[in-house]
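Each residue of the sequence shown is one higher than the last, beginning at 75 in our numbering. All C-beta atoms in this analysis are idealised placements derived from N, C-alpha and C, irrespective of residue type, glycine included. Remarks on the structure that follows.
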Amino acid sequence: MIKPVKTKLAGWGNYPVEEGFLFRPDNGRDVLEILQSGLQNNYIAFGMGRSYGDTPLNKQGGVLLTTQLNRILSFDETTGVLECEAGVTFEDIINVFLPRGYFLPVTPGTKYVTLGGAIANDVHGKNHHLDGCVSSFILDFKLMLASGEIIDCSREHNVDIFWATIGGIGLTGIILSARIQLEKVESAYYDVLYEKAPNIERALELFAESDDKYKFSVAWIDCLARGSSLGKSVLMRGNYAPAASLRSGIEPLKLKNGPKLAIPFDFPSFALNNLSIKSFNTLYYGVNKNVRKTVYFDSFFYPLDSIYKWNRMYGKKGFVQYQAVFPPEGKEGLIQMLERLSSSNRSSFLAVLKTSGEQNPGLLSFPKKGYTLALDIPIKDESLFTFLHELDELVIRYGGRVYLAKDSELLPEHFAEMYPRLKEFRAIKDRIDPNHIFSSSMARRLGIVEE
Numbered sequence: 075m076i077k078p079v080k081t082k083l084a085g086w087g088n089y090p091v092e093e094g095f096l097f098r099p100d101n102g103r104d105v106l107e108i109l110q111s112g113l114q115n116n117y118i119a120f121g122m123g124r125s126y127g128d129t130p131l132n133k134q135g136g137v138l139l140t141t142q143l144n145r146i147l148s149f150d151e152t153t154g155v156l157e158c159e160a161g162v163t164f165e166d167i168i169n170v171f172l173p174r175g176y177f178l179p180v181t182p183g184t185k186y187v188t189l190g191g192a193i194a195n196d197v198h199g200k201n202h203h204l205d206g207c208v209s210s211f212i213l214d215f216k217l218m219l220a221s222g223e224i225i226d227c228s229r230e231h232n233v234d235i236f237w238a239t240i241g242g243i244g245l246t247g248i249i250l251s252a253r254i255q256l257e258k259v260e261s262a263y264y265d266v267l268y269e270k271a272p273n274i275e276r277a278l279e280l281f282a283e284s285d286d287k288y289k290f291s292v293a294w295i296d297c298l299a300r301g302s303s304l305g306k307s308v309l310m311r312g313n314y315a316p317a318a319s320l321r322s323g324i325e326p327l328k329l330k331n332g333p334k335l336a337i338p339f340d341f342p343s344f345a346l347n348n349l350s351i352k353s354f355n356t357l358y359y360g361v362n363k364n365v366r367k368t369v370y371f372d373s374f375f376y377p378l379d380s381i382y383k384w385n386r387m388y389g390k391k392g393f394v395q396y397q398a399v400f401p402p403e404g405k406e407g408l409i410q411m412l413e414r415l416s417s418s419n420r421s422s423f424l425a426v427l428k429t430s431g432e433q434n435p436g437l438l439s440f441p442k443k444g445y446t447l448a449l450d451i452p453i454k455d456e457s458l459f460t461f462l463h464e465l466d467e468l469v470i471r472y473g474g475r476v477y478l479a480k481d482s483e484l485l486p487e488h489f490a491e492m493y494p495r496l497k498e499f500r501a502i503k504d505r506i507d508p509n510h511i512f513s514s515s516m517a518r519r520l521g522i523v524e525e
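Below is the structure:
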């Protein structure tokens with residue numbers, strides 16, 4: 075019998091911190107044994123812990139650490155179809171398959187995520203405007219239901235459960251394995267254009283002018299800028315670099331092991347303030363020039379992965395990453411959000427803007443056509459959450475929604491307004507998990523399941 079360990083857990087934002095009973099299954103048989111043990115009333119899967127809030131937490135409940143479900147099961151060198159267990163990380167996939175000329179078709183801003191977690195949060199990246207979420211490349215997966223039954227889910231089989239699980243934050247069952255379509259690449263490098271925009275209006279114009287030319291696009295935003303400089307940005311737009319375009323001496327598919335910085339302790343709460351962030355923003359905007367560069371994939375996709383435990387910069391109280399999407403007709407809401415942030419005493423060390431493409435059929439999947447803005451805001455006191463609730467109301471007013479993978483503050487009534495297919499999701503969950511064996515702190519906070 076696998077015995078749990080009572081432990082404190084948190085997401086990447088280090089808020090909230092909650093106590094749960096951690097199980098470490100090694101395989102699907104272990105998962106079944108845990109579910110049938112009766113040791114806990116409910117369970118949620120926990121991968122690498124890179125969701126920011128309480129998505130993978132289960133206060134005083136069972137938490138299944140999936141990182142030992144990490145076997146690569148098969149790979150078709152001709153088609154690029156990879157089958158692996160849900161605890162395999164994106165880093166694992168890159169390390170094994172990039173030297174063979176294959177890369178992830180979609181990746182978020184960290185490679186330290188599991189495949190199961192990527193599916194459960196339907197992660198997206200810099201290419202959503204063209205390629206959609208990771209679900210666009212998930213062929214099928216095996217899901218263990220609350221009953222212990224293992225079912226195959228795809229666009230042809232158990233279709234409703236497939237789309238409820240995509241972005242379903244772990245509430246339909248435990249993903250055991252999945253097949254994903256990898257992308258053939260010539261090199262590990264990207265041809266990237268860096269271009270400054272003096273304000274948010276110009277940044278959106280540049281995106282609109284070039285979204286069909288660049289597979290990947292993102293913008294860093296100075297969230298403290300005001301007036302005519304509101305939303306001044308540095309845009310980074312790029313495409314795969316062909317092997318022939320690389321300078322002599324570069325091995326196109328060779329992995330590099332660069333030095334890694336570390337944050338050895340929690341920064342004091344006063345370290346990140348308007349003055350320090352303003353100084354950084356001025357320097358960052360100043361040193362960046364309008365230039366085209368060849369950039370290694372790690373620097374382009376995962377700049378913060380080079381800093382070990384970078385989340386400690388925000389101090390012991392942690393931080394909230396707030397990410398919202400606005401439809402094109404709700405652009406004014408995006409501008410108002412930047413205005414509110416810049417005029418408040420709440421500085422965001424990291425503010426990232428991307429364009430997003432069409433919405434997919436995932437019942438709780440986040441992106442839809444428009445613009446997404448992500449903000450990292452340190453928690454200094456409880457008043458932050460009042461401010462965020464006000465932002466939620468702004469997002470709703472302009473037809474947007476908040477990303478659950480980042481959330482730690484949404485109210486149930488706001489959540490229901492943002493996700494109109496919630497009723498469909500609940501109906502599927504009640505059918506396949508009538509006793510709500512799969513539950514989480516987030517699910518209870520949002521009213522998806524009862525306390």
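query                                                                                                                           : result
Alpha-carbon to alpha-carbon, Q255 and G153                                                                                     : The residue you asked about is not Gly; residue 153 is Thr in the sequence shown. Taking the straight line from one Cα to the other gives about 8 Å.
Assumed close pair P182, H198 - CB separation to whole angstroms, cut-off 8 Å                                                   : 7 Å
Integer Cβ distance of Q134 from G94, believed to fall under 8 Å                                                                : 7 Å
Own chain, CB closer than 6 Å to L189, minus 5 neighbours either side, in chain order                                           : A160, V162 and A252
Close beta carbons around N364, own chain, < 7 Å, minus the five adjacent residues each side                                    : Y268, E269 and K270
Beta strand (DSSP E) segment containing V469, residue limits                                                                    : From DSSP, V469 is part of no beta strand (DSSP E) but of the alpha helix (DSSP H) over S457 to R471.
Identity of the residue in K390, S111, E283 and V476 nearest Y396 by Cα                                                         : V476
N201: CB within 7 Å of a non-hydrogen atom of the ligand MG                                                                     : The ligand MG is not among the ligands present in this structure, which contains no ligands whatsoever.
Where Y288 sits in the DSSP three-state scheme                                                                                  : coil
Beta-carbon spacing of K405, Y445 below 8 Å                                                                                     : yes
Buried/exposed call for N132, threshold 16 Cβ in 10 Å                                                                           : buried
Contacts around G392, its chain only, beta-carbon distance under 6 Å, and the 5 residues preceding and following it disregarded : G87, N88, Y89 and I453
Selected residue, minimal CA-CA separation from G206, among S515, G431 and R386                                                 : G431
Test item: CB-CB of D214 and D226 under 8 Å                                                                                     : yes
Residues that R414 bridges to, as DSSP identifies them                                                                          : Paired residues: none, contrary to the question.
N- and C-terminal bounds of the beta strand (DSSP E) containing L250                                                            : I248 to Q255
Start-to-end residues for the beta strand (DSSP E) that takes in R366                                                           : V365 to Y370
Sequence-distant residues of the same chain with beta carbon closer than 7 Å to S221, five excluded per side                    : none
Cβ neighbour criterion (16 or more within 10 Å) applied to P377                                                                 : exposed
M516 - containing alpha helix (DSSP H), residue span                                                                            : S515 to R519
Cutoff 8 Å; reference D379; Cβ partners in own chain excluding five residues on either side                                     : T184, K185, Y186 and D372
The region 474–492 touching the region 102–111, judged by at least three CB pairs closer than 8 Å                               : no
A282 to Y126 span [Cα, whole Å]                                                                                                 : 30 Å
Assumed close pair E257, F177 - CB separation to whole angstroms, cut-off 8 Å                                                   : 5 Å
Extent of the continuous beta strand (DSSP E) to which S228 belongs                                                             : I224 to S228
Cβ-Cβ separation, D507 to T246 (assumed contact under 8 Å), whole Å                                                             : 7 Å
Between the CA atoms of I76 and F97 - distance to the nearest angstrom                                                          : 7 Å
Nearest-angstrom beta carbon gap, I451 and R420 [assumed within contact, 8 Å]                                                   : 6 Å
Identity of the residue in L478, E483 and N362 nearest S526 by Cα                                                               : This structure leaves residue 526 out entirely; the chain is present only between 75 and 525.
Euclidean distance between Cα positions of D481 and V394                                                                        : 7 Å
Expected contact under 8 Å - CB spacing of G46 and Y264 to nearest Å                                                            : Here the chain covers residues 75 to 525 and nothing more, so residue 46 does not appear.
Pairwise C-alpha distance: V170 and G191                                                                                        : 19 Å
Spatial distance of K383 from G123 (CA atoms)                                                                                   : 12 Å
Reduced DSSP secondary structure (H/G/I, E/B, other) of K405                                                                    : helix
Residues sharing a beta bridge with T163, DSSP                                                                                  : T188
Own chain partners of L219 with C-beta closer than 6 Å, once the 5 adjacent residues on each side are dropped                   : G247 and I506
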